[in-house]
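Notes for the one structure printed next.
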Amino acid sequence: MAGTGAVLHDIVKPLGWLLGKWRSDDGKGKYPTMKDFKYGEEVEFSHVGQPNLQFSAYSWHSDTKQPLHRELGFVRIKPGTNQVAFVLAQNIGLCEIEEGEVTGESLKTTSHTLGRLTFGKPPQTKQIIREFKRSGDSLVQVVSMATEKTAMTEHLRIEYKKI
-19 MAGTGAVLHD IVKPLGWLLG KWRSDDGKGK YPTMKDFKYG EEVEFSHVGQ PNLQFSAYSW
41 HSDTKQPLHR ELGFVRIKPG TNQVAFVLAQ NIGLCEIEEG EVTGESLKTT SHTLGRLTFG
101 KPPQTKQIIR EFKRSGDSLV QVVSMATEKT AMTEHLRIEY KKI
């Protein structure tokens, strides 16, 4: 979408450092209630000239290459501030709104609203914290999660390279 020739909207210029496709085959997942795992993922931040960025994340199992987690959504920024919001839908039946701040080439958000399918698999996710940090052509994402059975703990960590 960024290739459409659209000019990046002024409101989201503080998020311009996220734009592009990022990929890694070396993600690490862990959680007290599951076996540690490795995964690959591609994320993309794009725009069409509106006051938001579009976000997509597609992950796969490192060994089998089978598709895993999917997320689609938007990143918004409150005009005149460094306050940011992620609005995301996940293929596991979870929808979330996260809010936080962008500072330089660092972004941290915490969910304040989570919606889930009535028939979603337990345990129920209660909160998500997401952090992105860029350094040159590397982008690191760390996702922490709390469920109805487990306190907030790091769940995913991945370092992407820009492609």
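Numbering (the numbering used here), first residue to last: -19 to 143.
Ideal Cβ positions, reconstructed from N, Cα and C, are used throughout, including at glycine.
Bear in mind the structure is a predicted one, so any value in this text is a computation, not a measurement.
Express the C-alpha separation of G116 and W(-3) in angstroms, rounding to a whole number.
Within the sequence shown, numbered from 1, the residue matching residue -3 stands at position 17. Within the sequence shown, numbered from 1, the residue matching residue 116 stands at position 136. A direct Cα-Cα distance of roughly 10 Å separates W(-3) from G116.
Given 8 Å as the limit, is there contact between the stretch 71 to 78 and the stretch 98 to 110, that is, 3 or more CB pairs closer than that?
Cβ pair count under 8 Å is three or more, so yes.
Of the residues K129, G(-15), P(-6) and R114, which one's Cα is nearest the Cα of T61?
By one-based count along the sequence shown, residue 61 stands at place 81. Taking only the C-alpha atoms, the option nearest T61 is P(-6).
What does the alpha-carbon distance come out to for the pair E111 and K15?
In the sequence shown, counting from the first residue as 1, residue 111 sits at position 131. In the sequence shown, counting from the first residue as 1, residue 15 sits at position 35. For E111 and K15, the gap between their C-alpha atoms comes out near 23 Å.
Rounding to the nearest angstrom, what Cα-Cα distance links V(-8) and Q46 in this structure?
Your numbering for residue -8 matches position 12 in the sequence shown. Your numbering for residue 46 matches position 66 in the sequence shown. Taking the straight line from one Cα to the other gives about 34 Å.
Please name the residue, chosen from G95, M125 and P12, that lies closest to I108 on a Cα-to-Cα basis.
As a working note, residue 108 is residue 128 in the sequence shown. Closest by alpha carbon: M125.
Which listed residue (V(-13), P12, L(-12) and G95) has its alpha carbon closest to that of K129:
Residue 129 sits at position 149 when you count from the first residue of the sequence shown. Scanning V(-13), P12, L(-12) and G95 for the CA closest to the CA of K129 turns up P12.
Could you check which residue in G29, P103 and V23 has the C-alpha nearest to that of V120?
The residue you call residue 120 lines up with position 140 of the sequence shown. Comparing C-alpha distances from V120 to each of G29, P103 and V23 shows the shortest one belongs to V23.
Would you identify the three-state DSSP class for K88, choosing helix, strand or coil?
Locating residue 88 in the sequence shown gives position 108, where the first residue counts as 1. Reduced to three states, the DSSP call for K88 is strand.
For T89, count the other beta carbons within 10 Å of its own beta carbon; 16 or more makes it buried, fewer makes it exposed. Which is it?
Sequence index remark: in the sequence shown, residue 89 carries index 109 (1-based). Flag for T89 reads buried.
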